[in-house]
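J.:
Protein chains: 2
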Amino acid sequence: MKNPLSTDFVLGFLGAGQLARMSALQAFRYGMQVAVFSDRPEDEPVQFMTPRSYSGAFDDVESMMDFAKACDIITLENEFIDSSILFELQKRSGTPIYPAPESFELIENKLIEKQTFESAGIPVTPYLLIKQADDLTRFGDEHGWPYLLKSSKGGYDGYGNKTVKNSEEAQNAFKKLGGDAGHDILAEAFVDFTHELAVQVARNETGHVVYPCCETVQENHICVAVKAPAPVSGSIQKRAQEMAVKATEAIHGKGIFAFEFFLTKSGELLLNESAPRPHNSGHYTIEGCVTSQFENHVRAVCGLPLGSTEMIRPAAVMINLLGTQNRPAVVEISKDALAQPYAHLHSYGKIQSKTGRKMAHYTFLGEDLEATYQKALTLTEKIEI
Amino acid sequence: MKNPLSTDFVLGFLGAGQLARMSALQAFRYGMQVAVFSDRPEDEPVQFMTPRSYSGAFDDVESMMDFAKACDIITLENEFIDSSILFELQKRSGTPIYPAPESFELIENKLIEKQTFESAGIPVTPYLLIKQADDLTRFGDEHGWPYLLKSSKGGYDGYGNKTVKNSEEAQNAFKKLGGDAGHDILAEAFVDFTHELAVQVARNETGHVVYPCCETVQENHICVAVKAPAPVSGSIQKRAQEMAVKATEAIHGKGIFAFEFFLTKSGELLLNESAPRPHNSGHYTIEGCVTSQFENHVRAVCGLPLGSTEMIRPAAVMINLLGTQNRPAVVEISKDALAQPYAHLHSYGKIQSKTGRKMAHYTFLGEDLEATYQKALTLTEKIEI
């Protein structure tokens, strides 16, 4: 294979959003070139960063072929392209895709994903594949109402999921999610947790590295902040890291992966979600760790040795800056927020701001986690985007 | 003025080499767009990083107009465009240029530069404007042979300079440099120094920040390594920093500036060179300091508040990775060099490697300066580019 540290080496991104953008910045740092394929015609964050911009449909291999042939290695910034498409694209173009289509195959179907992780000895949130109408009621009675119904394919930020409070709602949701049409529908229990935790792992043929266990702070199912390291005991942190490494191995991961856990009131750790890509929970690593998740993403998919995940300072806090209104994107940030030592701003280059859209983030490093978090909240509360 | 943190804000770079490239990476981080103007048709490091790429001649304002009109603010990565061109480009396009043409006017002519800094009370290397043939001999007799003859305009890495060992060589060099044709020629004494030091300063209407005083290690007049902080006393470091701030103020600098000093055997600090741009001596700041010289460059020219220059760890060493042969660029780096914690590689995306050409650099952070330097040398000695 071509040395990825050649100037004519092209790293391709399927998807052109902020995760690809922050990864591309690292690829540039290594002297690589960057190509991007988007299913939107223009004005995506990465398209301003390269003359090698392609567009088409994520379910149309033919429309991706020019892009794929222009790349030495392809990676992804999301998990919504069917593995069958990835297999075909890889085969027809001859360009390797990492994480490999085989890994996507194991996680794109929520049932297979849960079975894969369970087989590796990793506790997951209680679930049931709904085979008959009775199962819907039985699951609620056993694990408590309300619970979640999920289509086994698709689903992101609440899309493809329904919260059901009783048997009737469950029957209706089952139909709406396509249960009658033969789609696999899973019931998943709500977990009574004290913390939501996340861990990133980078892995390739040279080995693996694991990031600190962090806490994600969610509001209305959207991550609004991340605290690293998570304010839980060292032994819980270590257990989450071990589970994340095991999970990465279980899917034969080559790349960067993020795993989200529930820490239950009884001290159990349950794997909730996995993501085969850089993850919002790891944005703090850009300045918070010696090597960021984006740098290790690029290293991992290119087969380069992985960098240290050690934290630069004892505490790191990342605040997501969500759109505060619908308008052309502009970050109105106070001078104070920017001039603060150990404060770092990243804006994603999205043309349009929308209320609640992830537009930018703010990272703040410090000595004490809670003080750092409180100060970060104060510094960012007046930001308008 | 448009908020520079708008997604449609375009920061323009005159020059498309590694300094513009590393600055552009920071502009992207703030969500800005980047445009670049190069006097080479293609394959310059920044041209792979933006669809907004222009080319023409640095002495032809007309050829720069499309570029200038596409930008909200223009900055430069070198000091070789005549200030008269910058004044005209700024006037005709209406796009502000920072550092301002007025600042370039004060440093592009070596005589005016020296007089400007001297008037501000900053000691400079001994020099004389040659007005008659006698001056050539007199200067050598007074300040020692050999000495340096410099054309007052132009000159970079030895170009436009001549070392002269006696009167006859001085007369010949004077003619070759255009002294007979009316160009101002300066004699400049060689200084008997113990260290070559450098300091970067970022400054704009919000204030200024000054970086640690570092040492540049030169071989054959090319910087091969930088040590930060410089292994000299704290009071000398502080004096160099104060002189650098004073020098920035003397040229009304808005942007990032680098100043190189000689520390003489008798403990004197003499200002040797100034650069109105990010500088090789400040590459260590990317990982070595809370805010890199490139980030503060972007902040400074855009009028944003400046970031902390505090060092992340006690010692930082930057090794320039020069081309080891003439071939298409590829960095052959050992796994060990890359996997080392606190080691960071930057490759500039130059298509062609040439022996001695600055192709990449390697930064290594540590606790003890000399140990860090020795380890960095060992880790990089086998790198081929």
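Protein chains in written order, with our numbering: chain A, 50 to 434; chain B, 50 to 434. The beta-carbon is built from N, C-alpha and C at its ideal position, and this holds for glycine as well.
1. Report the neighbours of B:S357 on chain E: residues whose CB is nearer than 9 Å to its CB, in chain order.
2. Could you tell me whether any Cβ in chain A is nearer than 8 Å to the Cβ of B:P278?
3. Whole angstroms is fine: what's the gap from A:E433's alpha carbon to B:V83's?
4. Whole angstroms are fine: how far does the CA of B:L54 sit from the CA of B:P94?
5. Using the DSSP secondary-structure output, state which residues sit across from B:V85 in a beta bridge.
6. Please list the segments of the beta strand (DSSP E) lying wholly inside the stretch 268 to 315 of chain B, counting only runs of 3 or more residues, in order along the chain.
7. May I ask you to list, following chain order, the residues of the stretch 350 to 375 of chain B that have a beta carbon less than 8 Å from some beta carbon of chain A?
8. Looking at the C-beta of A:T404, does it have a partner C-beta in chain B at a distance below 8 Å?
9. Is there a Cβ of chain B sitting closer than 8 Å to that of A:I400, yes or no?
10. Under three-state DSSP, which class holds A:H328?
11. Hey, would you say B:D184 sits closer than 8 Å to B:L177, going by beta carbons?
12. Enumerated in chain order, which unbroken segments of the beta strand (DSSP E) with a length of 3 residues or greater are wholly contained in the stretch 194 to 266 of chain A?
13. Of all the residues that make up the stretch 56 to 85 of chain A, which are near chain B by a beta-carbon distance shorter than 8 Å?
14. Could you tell me whether any Cβ in chain A is nearer than 8 Å to the Cβ of B:S102?
15. Against chain B, does A:D206 count as a neighbour if the rule is that its beta carbon must be under 8 Å from one of theirs?
16. Please list the terminal residues of the continuous beta strand (DSSP E) segment that includes A:A365.
17. Name the chain A residues that come within less than 8 Å of B:K381, Cβ to Cβ?
18. Below 9 Å on C-beta distance, what does A:K384 contact in chain B?
19. For A:N158, does the three-state DSSP call read helix, strand or coil?
20. I'd like the span of the beta strand (DSSP E) that includes A:Y411, first residue to last.
21. Go ahead and pull the three-state DSSP assignment for B:S55.
22. Judging by CA-CA distance, which residue of B:Y103, B:V250, B:F77 is the nearest neighbour of B:V258?
23. If we ignore side chains and look at the alpha-carbon of each, how far apart do A:K399 and B:M81 end up?
24. Under 9 Å Cβ-Cβ, which residues of chain A neighbour B:S87?
25. Against chain A, with Cβ distances strictly below 8 Å, would B:S396 count as a contact?
26. Is it a yes or a no for the stretch 345 to 359 of chain B touching the stretch 299 to 315 of chain B, going by three-plus beta-carbon pairs under 8 Å?
27. Is A:A169 near A:A277, with beta carbons less than 8 Å apart?
28. With a cut-off of 8 Å on the beta carbons, I'd call B:L63 and B:F86 a contact; round off their distance for me.
29. Thinking C-alpha only, which one of A:A117, A:D108, A:K314 is nearest A:R101?
30. Got a sec? Which residues, its chain only, sit under 7 Å from B:R70 by beta carbon, not counting five neighbours each side?
31. Taking C-beta pairs closer than 9 Å, name the residues in chain B that A:T99 reaches, listed in chain order.
32. I'd like the list of long-range same chain contacts for A:A76, defined as Cβ closer than 6 Å, with 5 residues on each side in sequence excluded.
33. What does the Cβ neighbour count give for A:R376, buried or exposed, with the cut at 16 atoms within 10 Å?
34. Between which two residues does the beta strand (DSSP E) carrying B:A73 extend?
35. Report the rounded CA-to-CA distance for A:D206 versus A:R89, giving the unit in angstroms.
T.: Let's see:
1. Protein chains A and B are contained in the structure displayed, whereas chain E is not.
2. Numbered from its first residue, the second sequence carries residue 278 of chain B at position 229. By this cut-off, B:P278 is not an interface position.
3. Residue 433 of chain A sits at position 384 when you count from the first residue of the first sequence. Residue 83 of chain B sits at position 34 when you count from the first residue of the second sequence. For the pair A:E433 and B:V83, the Cα-to-Cα distance works out to about 23 Å.
4. Indexing the second sequence from 1 puts residue 94 of chain B at position 45. Indexing the second sequence from 1 puts residue 54 of chain B at position 5. So the alpha carbons of these two residues sit roughly 24 Å apart.
5. Along the second sequence, one-based indexing puts residue 85 of chain B at 36. Under DSSP, B:V85 shares a beta bridge with B:F62, B:S102.
6. Within the stretch 268 to 315 of chain B, the complete beta strand (DSSP E) runs of at least 3 residues are 271 to 277, 304 to 313.
7. Those residues of the stretch 350 to 375 of chain B placed with their C-beta closer than 8 Å to a C-beta in chain A are L353, P354, L355, G356, S357, E359, I361, ordered along the chain.
8. Taking the first sequence and counting its residues from 1, the one referred to as residue 404 of chain A is at position 355. Closer than 8 Å: no.
9. One-based indexing of the first sequence puts residue 400 of chain A at position 351. Output row for A:I400: interface = yes.
10. One-based indexing of the first sequence puts residue 328 of chain A at position 279. Per DSSP, reduced to three states, the secondary structure at A:H328 is coil, with no helix or strand assignment.
11. Within the second sequence, the letter at position 135 stands for residue 184 of chain B. Within the second sequence, the letter at position 128 stands for residue 177 of chain B. Yes, the pair counts as a contact, with Cβ atoms nearer than the cut-off.
12. Taking only runs of at least 3 residues, the beta strand (DSSP E) segments lying wholly in the stretch 194 to 266 of chain A are 196 to 200, 210 to 213, 234 to 238, 242 to 253, 256 to 259.
13. The stretch 56 to 85 of chain A vs chain B, Cβ under 8 Å: T56, D57, R70, L74, F77, R78, Y79, G80, M81, Q82, V83.
14. By one-based count along the second sequence, residue 102 of chain B stands at place 53. Answer yes: the Cβ-Cβ gap between B:S102 and chain A drops below 8 Å somewhere.
15. The residue you call residue 206 of chain A lines up with position 157 of the first sequence. Note that A:D206 scores a pLDDT of 44, beneath 50, so its modelled location is shaky; the value from the coordinates is reported in the next line. Chain B places no beta carbon closer than 8 Å to that of A:D206, leaving this residue out of the contacts.
16. Working through the first sequence from its first residue, we reach residue 365 of chain A at position 316. 364 to 371 is the span of the beta strand (DSSP E), which, as asked, contains A:A365.
17. Start at 1 with the first residue of the second sequence, and residue 381 of chain B comes out as number 332. It should be noted that the sequence gives Glu, not Lys, for residue 381 of chain B. Here the neighbours are N52, L54.
18. In the first sequence, the residue the question calls residue 384 of chain A occupies position 335. T255, L353, P354, listed in chain order.
19. Position 109 of the first sequence, counted from the start, is the residue given in the question as residue 158 of chain A. Here A:N158 carries a strand assignment [DSSP, helix/strand/coil].
20. For the purposes of this step, residue 411 of chain A is taken as residue 362 along the first sequence, with counting starting at 1. Following the DSSP letters along the chain, one finds A:Y411 inside the beta strand (DSSP E) bounded by residues 407 to 415.
21. Counting from 1 along the second sequence, the entry for residue 55 of chain B is found at position 6. In the structure shown, B:S55 sits in a strand (DSSP, three-state: E or B).
22. In the second sequence, the residue the question calls residue 258 of chain B occupies position 209. Comparing Cα positions, the closest option is B:V250.
23. Within the first sequence, the letter at position 350 stands for residue 399 of chain A. Within the second sequence, the letter at position 32 stands for residue 81 of chain B. One C-alpha to the other measures close to 10 Å.
24. Here residue 87 of chain B corresponds to residue number 38 of the second sequence, with the count starting at 1. The premise fails here: B:S87 is roughly 13 Å from chain A at the closest Cβ pair, so nothing lies under 9 Å.
25. On the second sequence, position 347 is the one that residue 396 of chain B refers to. At least one chain A Cβ lies under 8 Å of B:S396.
26. Contact between the stretch 345 to 359 of chain B and the stretch 299 to 315 of chain B is present, because at least three Cβ pairs lie under 8 Å.
27. By one-based count along the first sequence, residue 169 of chain A stands at place 120. By one-based count along the first sequence, residue 277 of chain A stands at place 228. In this structure, A:A277 does not lie closer than 8 Å to A:A169 by Cβ.
28. Residue mapping note: residue 63 of chain B aligns to position 14 of the second sequence, counting from 1. Residue mapping note: residue 86 of chain B aligns to position 37 of the second sequence, counting from 1. With a contact defined as Cβ atoms closer than 8 Å, B:L63 and B:F86 qualify at about 5 Å.
29. Position 52 of the first sequence, counted from the start, is the residue given in the question as residue 101 of chain A. Nearest Cα to A:R101 within the set A:A117, A:D108, A:K314: A:A117.
30. Here residue 70 of chain B refers to the residue found at position 21 of the second sequence. Answer for B:R70: P94, V95, M98, Y397, G398, listed in chain order.
31. The sequence position of residue 99 of chain A within the first sequence is 50, counting from 1. Chain-ordered, the chain B residues with CB closer than 9 Å to the CB of A:T99 read F97, M98, T99, P100.
32. Taking the first residue of the first sequence as 1, we reach residue 76 of chain A at position 27. Within the same chain, and ignoring the five residues on either side of A:A76 in sequence, the residues whose Cβ sits closer than 6 Å to its Cβ are L60, V83, V347.
33. In the first sequence, the residue the question calls residue 376 of chain A occupies position 327. Exposed is the call here.
34. Position 24 of the second sequence, counting from 1, holds the residue named residue 73 of chain B. If you look at B:A73, you'll find it isn't in any beta strand (DSSP E); it sits in the alpha helix (DSSP H) that goes 67 to 78.
35. As a first step, residue 206 of chain A must be located in the first sequence, where it is residue number 157. As a first step, residue 89 of chain A must be located in the first sequence, where it is residue number 40. Legend: pLDDT at A:D206 = 44, less than 50; position of this residue unreliable, no value from coordinates given.
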